[in-house]
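A short write-up of the structure that comes next.
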Amino acid sequence: MDLHRRVQSQTSSTSTATPSKHAFETRVADVKSPKSDINALILDYLMMEGYPKAAEKFQKEANLKPRQEDPTINARQQIQHAIHVGDIQKAISDLNELDPGILDSDPHLHFSLLRLQLIELIRNARGYDPSAAINFAQEKLAPRAASNEQFLKELEKTMALLIFPADKLQPDLAALLHSDLRRNTAAQVNEVVLQRHTERREAAIRQLVRMRAWAEASCRSKKRNLPDRIELGLNGDDNGHDPMVTT
Amino acid sequence: MAHSQSPPALLWQIQNARNHAEQIEFLRQLKDGVVGDVRAKETWVNHGILQFLVHLLQQKTTAQSPSGLGSKEAYAPISQTTDLPDDDRVRLLALQLIASFAKGGPSFLTPLNAVGAVPVILTYICPHKNPARLVLTSLRALSDMTEAASLSSRTSIEATAALAKALFVPRYIESLCAILDAESASSIVQEQKCLVASLISRLCKEPRYQDMLADAGVLDALATLLASFVVARGEVLPFTLDTLEREGLAAVIPQPAPRGLSLALILEAISVLIADSRFRTGLLLCSPAIMAVLTSSEIGERNSQIYRTWELLKKSGLTHGRPVDRSALDYLLPAVPVTTPRFLLSQHHPSFPSTGRSLETPAKHGRATARFTTEDREWLVGGGDTEEPESPLIPWLIHLMRSGTNDHEKVMAASVLASLFKGGFTSPDREFSLSVLVVPVLCHLLKDYEKERGKSLDAIFVDSETATAWVILERTPAVLARLIADSVFLQQVTRDSGALKLACKLLKDSYEPTAIPSPPRPWTPNPEERQDTGDDKFSTCQLGPPGQVPLCAHKIRMRESSLKLITSLATFKEEFRKEIVEQDILPSVAESLSETPQKPTPPKEKLKTEEDGTVPMHPAGHSPYGHNPTSVLIAACHAVRTLARSVSNLRTVLDDNCVAMPIFKLLKHVDIDVKIAACSVICNLLTESSPMRDPLIKAGVIGVLCLYARSDNAGLRLNALWALKHLVHMTDRDTKKKCLEELGPGWLIQLICDDTEDEALHARIMGERRPLTDADEDEVMDTGDGYAEATDDVWQWQAIHRKGPGFDSTRMRVADGMLRALREREFDEVRKAREADLAIQEQGLDFIRNLIAIPQQPAQAEMIDYIFSELGQDRLFDILASKLRVKILRPFARRQSSSSGTPGGGAGSGASGRNVSIDSRVLYPQSKIIVAVIYFLTHIAAGVPRHRQLVIAQEELLKLLAGHFNNKDVDVRRSLCHLLKNLVWCDGTEDRRGRDLRVFELEKLGFLQKLEGLERNDAELDVRERAKEAASSIKGEAGEGPQVPHGRVDY
């Protein structure tokens, strides 16, 4: 149960501003969340997501006590950056420099990275000789895919990129070339490194957000007295009423 | 990869690099190439990379001055990789590469060992001489090798033992201790600590290593870390600080545990270290940090609030007893309602099933049989610690189990708790609170994790969540088994929580075949290259056998664990044995008795498949049912042993599932512990009511047992003799004679005789002690007769010794005294050997008794004559008389009490109070011998008049017996009544005169008055009744009625 996982700096609730007649809103308005908690939460987010400079600045501005050093924060940022710009070779190398045990004990992550590398090779080989990509797939990915169905499917899908022209791709193939894949893989790497070193997977605020979504959903399902729409209160005009993101 | 090169070329470049920077660059390339790629790893090993890596690591020792690396580095703050000097970076990379190769699995262990990787890695674990990153990486490499060792299928125990042997030597233990003691909060140090803890818990299985680590202060260091978690949770009592200041203990209160340290791992390491030793458990409780952080309220100023709360609880009927028993931490626990626990708890003990007694197995006494057995008894009997307040660590652990969110922590806390409970360190009413606060939590964990199991799994890869879930599932049944082993009440609670059925289900599930038992070879695009394995075929370049997949190893551990729980549940209650058997687990148990198990099949189907000849035979190492290591074999033996305590089980399921022959096979196993365990089962299978007796005799069990009765292992000797004793009971004359001949009358005499023992004992101690203790104790042993004192004079409590004379508090001195007493008791080889010998003597006497226990008359008399002629009539009676003389024991008793008095003023009142119980314990088995002697005589007296006359003629013997009428053991008094009744038995009219003579003799010796004294004053109703019967037989009042059955007196 994620919700029971200890949240380091537990805050009472997210804040709200818009005054309203609704009983719920007045109750929310009564809750004073201490600013220090919010600040700690923000710092936690910056540290966990891998923004060392921003974290340092914020810490100075908010006059927070320096947190326990996190030796991985710089490395995590570097690795994520490398993935974002598509230099997977460097990302893998940096990851091995940080802790070779990570890829050694997580074949799924390793496969994701190698596949991303293959995609980059294919992307670069457009119109030229694809033999580099094919060799890479044969040497690095195929042995892994042979013993795992899921890997095999993903490899086949990726290899399909070589055959179809880039502008006429099926949506699921196009997704492979989209930058979201890089971003997701980078986040995945960040999570694994975090978990290995701090036993936590993500920033505390993500859990709070999920908890809020869960609480709202369960209240609504039990038909409790709630306003039709609860603002996030991030800015004055909360445009669009999207249901809470639960990822 | 962009600039990937062929292995030979890259290897050449690495070896011939012009400078460190270049070498680092090439090594990094190599690392990126092999990490996560088993195929690449294999290729590189074939090219001999390991030898080169070890060579790189060895360079340090030669290049460096003996004084060690520059001291500035030792104290330098934790550095990032880039801050390391280049030569250290080379070594770091080499260590990382070795770790990565070890991650490749068990097959890489062979080449790693061939190049001697372990000794080289070990030179890097000292935190004073090496940069933190190197220490961390070398620990990781060791950890990976341990992991690989646990997966190697057949040799996992040997491989793990080899690692333990290399790691647990004084130098490296010191390093481990230094790592655990480090005060840095940096995350690297925390990871080092976690790795050390996990290495200890995976490798430290042997008592000698556990003692070494405890003596070196590792246990104290771990206890300090545990205390740091108490601090971090904010559970230190504030009002005790003043007292602690005065005692000088305030300084040892640790900083709160930093992030990154795992409480579960620390608890697991502690639990593995203290294991079954009372002394080490005491060492944990008395560890200064624990004493400082968790004080009992008695020490502090008595808090009136606590008292008031207590009174309130008492008024509302929620609690009972004296408030002094409670530490403040108890108020964190739910109040346990008073349901007269005492009544519940004590009720079960006398009500053993009637078969329990005669089938009682030697394991209780066998020294090395089951880990806990000998100690168990002592701990319960001893129980002398109850007047001391219970340590608040106990309520804290219970609190942790109930409030924690980490299930791994919960199980490990329970494991430590089990040791504390079994060690008798808990207050008497704790058993009840364990039953409501702890056992249900464990049963719940078992249920939860059992449900989550069975997701489809990758063959080789197990993610960390699954791995943790497996660990919890593997440990919980074993922890539960230890916790409930001696308590019928806790067993009842466990069963009521549904754990009995679960344990059976887990055992059955562990025999589901594994689809891929060993990791498959990775696919390769060009299969012909596989043949091309480098030029040389040295073992340093060749992979070993592939081992097993983690799932398979998990299943095998589940077998062991669930068998242990089944064993514990079947210990006392017949109805549980029945219930267990009804779960159809016997086929699985029977397969667990085999090293190469097959599909567990119920007996009927098995017969069918055997007829068809369709039993699929799997090539070695590739069986989908894995390979059972000795730990499973032993666990299965113990399960059969307890299940065989039930006669109905013996006659039905155990026989149907043909357990006899596999056990007979195990009897001849190479491993001594397996032999002992198998022998203890054989005891129960050879009883009169067992249908397996004849097949076993046909298979030649007598020869094997007689051989083992001459073994120099006391446990095996005892169990073998015990089994023979059961074998000769109620069997035909030829078998009896055969047993005696095979055993050899001379050897039997030697076994039961007292004269030779003293010397043998001394000689054995001199021989046995050497491997057990440290070298420095040998000197003391040379001082001749003072061998009893040898160990405890040398021993220093590290906690006080290391930290200097700072602790000068009464509490610490009391603790020191207690530890000395515990240690003396545990390490007293003289007493242990003495007890083993007494147990063997008892069995020897019982063996002779069972030889002559024949209900038919001419046969019995003939057997008695045979025994007399074989053993020598006078010699036998002499030995019997010598057994009754109490003074034989005294030299030992005196030696012991004088020795425990000597440790100066250090031994407080607590220690001297315990001396009494040491003496009485030495006497305790003695009364068993007396009973054995008396029953032997009783059986002779049940023979023909001639034999009764013979007993009466032993005046000396009878006089000695007369002295035992007020023996404090009930059994002695009861057996005396039996003997007298048999002695005055009148065998037809011809015997009338003889009877009168015997009565006269007995009255002359004053037996009648003593009997009447028993009849009037004995505390036991049973004895009073029997004394009455016997007295009236002497007086001849009861006439010729059939009072005494010939031969067997009910025993």
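Protein chains in written order, with full-length UniProt numbering: chain A, 1 to 247; chain B, 1 to 1051. All C-beta atoms in this analysis are idealised placements derived from N, C-alpha and C, irrespective of residue type, glycine included. Note that the structure is a prediction, hence the values are computed from the model and not measured.
Buried is the label assigned to B/P600, since at least 16 other Cβ atoms lie within 10 Å of its Cβ. For B/L329, the CB contacts under 6 Å within the same chain, skipping 5 residues up- and downstream, are P392, P395 and W396 in chain order. Distance from the CA of B/L163 to the CA of B/A114, rounded to the nearest whole angstrom, comes to 14 Å.
Take B/Q491, set aside five residues on each side of it, and the residues of its chain with a beta-carbon closer than 6 Å to its own are I484 and L569, in chain order. Residue nearest to B/S175 within the set B/E158, B/A102, B/H128 and B/L500 is B/H128 (criterion: CA-CA distance).
Against chain A, a Cβ distance below 9 Å from B/G744 picks out nothing, because the smallest value is about 59 Å. With fewer than three CB-CB distances shorter than 8 Å, the region 815 to 828 of chain B does not count as touching the region 838 to 858 of chain B. Under the three-state reduction of DSSP output, B/H128 falls in the coil class, being neither helix nor strand. For B/M212, the enclosing alpha helix (DSSP H) stretches over residues P207 to D215. According to the DSSP assignment, A/D30 belongs to the alpha helix (DSSP H) that extends over A23 to D30.
Proximity of A/A217 to chain B, defined by a Cβ-Cβ separation below 8 Å, is not satisfied. Apart from the 5 residues on each side of it in sequence, B/Q583 sits with its Cβ closer than 6 Å to the Cβ of C504 in its chain, given in chain order. In terms of beta-carbon proximity, A/A142 lines the interface with chain B, with at least one pair separated by less than 8 Å. Annotation for B/P662: L593 and S594 place their beta carbon closer than 6 Å to its own, counting only its chain and skipping 5 residues before and after.
The C-alpha of B/C986 lies about 39 Å from the C-alpha of B/L650. Residues of chain B with a Cβ closer than 7 Å to the Cβ of A/H22 do not exist; the shortest Cβ-Cβ separation is about 35 Å. With at least 16 other beta carbons inside 10 angstroms of its own, A/I122 counts as buried. For the 8 Å CB-CB criterion, B/V640 and B/F664 do not form a contact. Here the C-alpha atom of B/A1019 lies approximately 9 Å from the C-alpha atom of B/V970. Per the coordinates, the alpha-carbon of A/A146 lies some 7 Å from the alpha-carbon of B/P522. Within the same chain, Cβ atoms closer than 7 Å to the Cβ of B/V674 are found at T630, L633, I634 and L666, the five residues on either side in sequence being excluded. DSSP places B/D509 inside the alpha helix (DSSP H), whose first and last residues are A499 to D509.
With 16 or more other Cβ atoms from the protein chains shown falling within 10 Å of its own Cβ, B/L586 counts as buried. Assigned with DSSP and collapsed to three states, B/L686 falls in coil, not helix or strand. Counting C-beta pairs with one atom in each stretch, the region 163 to 183 of chain A and the region 133 to 144 of chain A have fewer than three that are closer than 8 Å, which means they do not touch.
Around the beta carbon of B/W470, 16 or more other beta carbons sit within 10 angstroms, so the residue counts as buried. Residue burial is scored here from C-beta neighbours: B/T405 has fewer than 16 other C-beta atoms within 10 angstroms and is therefore classed as exposed. The shortest CA-to-CA distance from B/G116 to any of B/L142, B/L134 and B/C126 is the one to B/L142.
Here B/K968 has no same chain residue with a Cβ atom under 7 Å from its own Cβ, once five neighbours each way along the sequence are excluded. In the DSSP annotation of this structure, the continuous segment of the alpha helix (DSSP H) that includes B/I179 starts and ends at P170 to D181. With its beta carbon less than 8 Å from one in chain B, A/G101 belongs to the interface. Where B/C637 is concerned, the enclosing alpha helix (DSSP H) starts and stops at T630 to L643.
With its beta carbon at least 8 Å from every one in chain A, B/P207 lies outside the interface. Taking a C-beta distance under 8 Å as the contact criterion, B/D32 and A/I92 qualify as a contact pair. The beta carbons of B/L265 and B/A197 sit closer together than 8 Å. Each of B/R259, B/G36 and B/L565 was checked against the Cα of B/E474, and the nearest Cα belongs to B/L565.
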